[in-house]
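Enquirer: One structure, pasted below without further comment.
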Amino acid sequence: MASIRAENLVKRYGAFRAVHGIDFDIADGEFVAILGPSGCGKSSTMRMIAGLESITEGAIYFDGKRANETRARDRNVAMSFESYALYPTITIYENIAFPLRSAAVEAREIDRRVRDVAEKMELTALLDLKPHGLSSGQAQRVGLARALVRKPSVFLLDEPISHLDTRQRYRMRRFIKSLHQEFHYTMIYVTHDQEEALALADRVMVMSDGEIQQMATPDEVYARPRNAFVAGFVGEPPINFVDCRVRRDAAGWAVEFEGHRLLLPERLHRAAERVGDEGLAAIRPHFLSIGENGPMVIEGRVFVTEELQDQNLIFVDIGGTRFTIVAHPSVKPRRGDIVPVAIDPDHLLLFPRSEAKKFEDLAA
Numbered sequence: 001m002a003s004i005r006a007e008n009l010v011k012r013y014g015a016f017r018a019v020h021g022i023d024f025d026i027a028d029g030e031f032v033a034i035l036g037p038s039g040c041g042k043s044s045t046m047r048m049i050a051g052l053e054s055i056t057e058g059a060i061y062f063d064g065k066r067a068n069e070t071r072a073r074d075r076n077v078a079m080s081f082e083s084y085a086l087y088p089t090i091t092i093y094e095n096i097a098f099p100l101r102s103a104a105v106e107a108r109e110i111d112r113r114v115r116d117v118a119e120k121m122e123l124t125a126l127l128d129l130k131p132h133g134l135s136s137g138q139a140q141r142v143g144l145a146r147a148l149v150r151k152p153s154v155f156l157l158d159e160p161i162s163h164l165d166t167r168q169r170y171r172m173r174r175f176i177k178s179l180h181q182e183f184h185y186t187m188i189y190v191t192h193d194q195e196e197a198l199a200l201a202d203r204v205m206v207m208s209d210g211e212i213q214q215m216a217t218p219d220e221v222y223a224r225p226r227n228a229f230v231a232g233f234v235g236e237p238p239i240n241f242v243d244c245r246v247r248r249d250a251a252g253w254a255v256e257f258e259g260h261r262l263l264l265p266e267r268l269h270r271a272a273e274r275v276g277d278e279g280l281a282a283i284r285p286h287f288l289s290i291g292e293n294g295p296m297v298i299e300g301r302v303f304v305t306e307e308l309q310d311q312n313l314i315f316v317d318i319g320g321t322r323f324t325i326v327a328h329p330s331v332k333p334r335r336g337d338i339v340p341v342a343i344d345p346d347h348l349l350l351f352p353r354s355e356a357k358k359f360e361d362l363a364a
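As structure tokens, this is what we get:
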């Protein structure tokens with residue numbers, strides 16, 4: 001395994017700057033997901049780590065040793081892509097064995113490694129087949145096995161399961177997580193899917209516009225997002241935002257919106273000082289409820305409902321701002337109903353109004 005450190009990492013393609021001088025540390029054996037929308041710089045970052053893209057500025061270190069000039073083949077890095085690129089004319093066994101034969105590994109060792117990784121990836125019964133008869137999930141497992149058979153120090157996965165159907169994605173997530181838990185590979189997983197990132201990774205690196213917006217545990221990224229972009233990008237259903245005014249009086253710090261006033265918990269007092277008069281309040285749909293129980297209750301008009309298996313989504317208009325509420329399946333208001341919406345201030349988030357632009361770009 002290996003630790004990875006990046007210092008002031010920059011990638012330019014002509015005049016376009018894809019990665020903007022980022023810094024990060026990944027510990028030996030850590031699983032890090034790089035999460036962000038298309039074009040945010042996540043794949044360019046991963047390809048620089050792999051040695052497949054030159055570094056415009058800055059440096060990458062493997063176990064403390066500068067790797068900028070180290071060729072991709074000499075980094076002991078394995079990669080798995082959305083496109084698994086299996087060789088169609090040779091068997092699954094030979095596809096998995098290919099990197100070992102290219103490295104002139106002894107035949108008996110090749111056979112041992114291929115059969116060992118095939119068993120772990122539940123591919124033993126398929127070794128004599130050729131790829132054309134495989135399902136997408138099976139083909140992806142062969143691609144992973146071919147990468148793993150090299151015993152890499154670092155395992156890089158670039159959107160490896162985004163093309164699979166829901167059932168296959170869950171199965172592949174289980175395989176990937178079990179590989180990390182059993183062998184403790186240093187793993188970097190690039191994805192635009194927040195559910196994958198939060199479920200798999202020890203830490204999540206959220207990127208936007210070539211910059212790292214936050215790098216933290218899944219719980220921290222979800223519950224304590226550093227800015228409005230992270231808050232809006234992470235979480236399903238998406239977080240609710242509302243413009244607000246920030247005020248302080250004898251009772252303490254408060255936010256005012258839609259003609260209502262809500263006292264802020266002590267943990268938000270410093271944020272209120274930084275934000276100034278104009279703020280952007282945010283709260284996740286799970287922390288709103290239909291009912292009268294709460295320190296702040298606002299009336300809203302229901303304009304859409306969605307009934308799901310284990311919850312209902314209630315979409316409510318409050319003074320022209322639309323809120324999403326996650327409700328119990330028994331809560332079934334009708335379109336046009338006026339309902340009381342209770343807000344839990346302990347889960348409120350507060351950002352500068354200036355960060356609304358990034359969120360609006362995301363929503364668009």
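Taking the UniProt record's numbering, I'd label the letters of the sequence shown as residues 1 to 364. All C-beta atoms, glycine included, are put in the ideal place defined by N, C-alpha and C. These figures come from a predicted structure and were not determined experimentally.
1. Using a Cβ-Cβ cut-off of 7 Å (strictly less than) and excluding sequence neighbours within five positions of aspartate 28, which residues of its own chain qualify?
2. So, using beta-carbon positions, are isoleucine 298 and glutamate 258 closer together than 8 Å?
3. Within the chosen definition, does the segment 33–50 reach the segment 121–128 through at least 3 CB pairs nearer than 8 Å?
4. Please classify threonine 191: does DSSP put it in a helix, a strand, or coil?
5. From this set, Ala104, Ala103 and Asp128, which residue's C-alpha is nearest arginine 115's C-alpha?
6. Considering only C-alpha positions, which residue in the set Arg108, Phe287, Gln140 and Asp158 is nearest to leucine 52?
7. Measuring only the C-alpha atoms, how far is arginine 167 from glutamate 355?
8. Going by C-alpha distance, which of Ile60, Phe233, Val142 and Leu200 is nearest serine 178?
9. If you compare alpha carbons, which of Ser289, Gly300 and Ser43 is closest to glutamine 311?
10. Where DSSP assigns a beta bridge to histidine 260, which residues make up the other side?
11. Is valine 341 near valine 316, with beta carbons less than 8 Å apart?
12. Just the C-alpha distance for threonine 191 and proline 160, rounded to the nearest angstrom, thanks.
13. Assess contact between the segment 25–39 and the segment 140–147, defined as three or more Cβ pairs (one per stretch) separated by less than 8 Å. Is contact present?
14. With C-beta atoms as the reference, is proline 345 less than 8 Å away from proline 265?
15. Looking at arginine 112 and residue 388, is the spacing between their C-beta atoms short of 8 Å?
16. Just to confirm the assignment: which complete beta strand (DSSP E) runs, minimum length 3, are found wholly within the segment 201–280?
17. Smallest Cα separation from glutamate 94: which of Val117, Leu198 and Arg73?
18. Beta carbon of alanine 78, beta carbon of phenylalanine 155: below 8 Å?
19. So if DSSP puts histidine 20 in a beta bridge, which residue, or which two residues, is it bridged to?
20. Can you round the beta-carbon distance between isoleucine 318 and valine 331 to whole angstroms, since I take them to be within the 8 Å contact cut?
Expert: So, from the data block:
1. Closer than 7 Å at the Cβ level, and outside the excluded window around aspartate 28, lie Met1, Ala2, Ser3 and Thr186.
2. Going by C-beta atoms, isoleucine 298 is nearer than 8 Å to glutamate 258.
3. Too few Cβ pairs lie closer than 8 Å, so no.
4. If DSSP states are grouped into helix, strand and coil, threonine 191 belongs with the strands.
5. Closest in alpha carbon position to arginine 115, among Ala104, Ala103 and Asp128, is Asp128.
6. Closest in C-alpha terms to leucine 52, from the list Arg108, Phe287, Gln140 and Asp158, comes Asp158.
7. A direct Cα-to-Cα measurement between arginine 167 and glutamate 355 gives close to 37 Å.
8. Selected option, being the one with the closest Cα: Leu200.
9. Closest option to glutamine 311, Cα to Cα, is Ser289.
10. Histidine 260 is bridged to Phe257.
11. Yes, the pair counts as a contact, with Cβ atoms nearer than the cut-off.
12. Going by the C-alpha atoms only, they are around 8 Å apart.
13. Between the segment 25–39 and the segment 140–147, the count of C-beta pairs closer than 8 Å stays below three; the two stretches do not touch.
14. In this structure, proline 345 lies near proline 265, with their beta-carbon atoms less than 8 Å apart.
15. The chain is shown only over 1 to 364; residue 388 falls outside these bounds and no answer can be derived.
16. Here the runs fully enclosed are 203–208, 211–216, 240–249, 252–257 and 260–263.
17. Of Val117, Leu198 and Arg73, the residue nearest in Cα terms is Val117.
18. By the CB criterion at 8 Å, alanine 78 and phenylalanine 155 fall inside the cutoff.
19. Answer is Val10.
20. Contact flag wrong, Cβ pair sits at about 17 Å.
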